[in-house]
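Data block below; observations after.
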Ligand SMILES: [Cu+2]
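Residue numbers (the working numbering): 1 to 166.
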């Protein structure tokens, strides 16, 4: 009886933990409102065992295409739970077609192939991304994405200088 109660508590804690940060719910509205003619294109190369570049900065509320290029010999993953929950996803595209979904959990790119993510960064913050294939993260296959909020969280302080009087 006690054992079952413990399992229930652990299960509800796990659910609560996952629900802490939701994916962006108004993604379709944000995607529709964006000016995709201003889309910026940024590429990440995946090899054994690194992402190049491994540090990226995106501006919130701007449309982007992130091109994931596997230029290595092995399959590689691009996984970032935080980043995937911080963006409004428009679509995922490859040479074979495109996929529309409310959010991503993992992207795998085969050697010599490309997968493109179309999205709008929404929530500012630092998000680690990794390759989840056994041994790849341990060998350094990770990076960081920073999303910068376009507007400062608080109003910028008034200038401290006084107007000179003539
Ligand atoms: Cu990998």
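The C-beta atom is built at its ideal place from N, Cα and C for all residues, glycine as well.
**OP:** Flag residue 74 as yes when its Cβ comes closer than 8 Å to any non-hydrogen atom of ligand 1, and as no otherwise.
**Re:** If you check the C-beta of residue 74 against ligand 1, you find a heavy atom less than 8 Å away.
Original post:
What beta strand (DSSP E) runs, 3 residues minimum, are completely inside the region 28 to 115?
Top reply: Here the runs fully enclosed are 40 to 47, 50 to 52, 55 to 59, 64 to 70, 76 to 78, 87 to 94, 97 to 99, 107 to 109.
Original post:
In whole angstroms, what is the alpha-carbon distance linking residue 69 and residue 24?
Top reply: Cα to Cα, residue 69 sits roughly 25 Å from residue 24.
**OP:** Starting from the Cα of residue 116, find the closest Cα among 74, 147, 78 and give me that residue.
**Re:** 78
Original post:
Does ligand 1 have even one heavy atom less than 8 Å from the beta-carbon of residue 136?
Top reply: yes
Original post:
Is it the case that the Cβ atoms of residue 98 and residue 91 are separated by a distance below 9 Å?
Top reply: Inclusion of residue 98 and residue 91 in the CB contact set at 9 Å is warranted, their separation being smaller than that value.
Original post:
Sorry if obvious, but does the Cβ on residue 77 come closer than 8 Å to a heavy atom of ligand 1?
Top reply: Yes, ligand 1 has a heavy atom inside 8 Å of this Cβ.
Subject >> Local conformation of residue 22 per DSSP, three classes >> reply: coil
Original post:
Apart from the five residues just before and just after residue 83, which ones in its own chain have a Cβ nearer than 7 Å to its Cβ?
Top reply: 127, 129, 145
**OP:** To the nearest angstrom, report how far apart residue 40 and residue 150 are at their CA atoms.
**Re:** 15 Å
Original post:
Residue range of the beta strand (DSSP E) that residue 126 falls in?
Top reply: Where residue 126 is concerned, the enclosing beta strand (DSSP E) stretches over 125 to 130.
Original post:
Which whole-angstrom value is the C-beta distance of residue 102 and residue 27, which I expect to be below 8 Å?
Top reply: Contact flag correct, Cβ pair sits at about 6 Å.
Subject >> Extent of the continuous beta strand (DSSP E) run through residue 145 >> reply: Residue range 142 to 148 is occupied by the beta strand (DSSP E) that includes residue 145.
Original post:
With DSSP run on the structure shown, which of helix, strand or coil describes residue 133?
Top reply: coil
Original post:
What do you reckon, is the C-beta of residue 133 under 8 Å from a heavy atom of ligand 1?
Top reply: yes
Original post:
Below 9 Å between beta carbons: does that hold for residue 59 and residue 148?
Top reply: yes
Original post:
Which residue from 50, 94, 110, 29 puts its Cα closest to that of residue 135?
Top reply: 50
Original post:
Would the beta-carbon of residue 81 be found less than 8 Å away from any heavy atom of ligand 1?
Top reply: no
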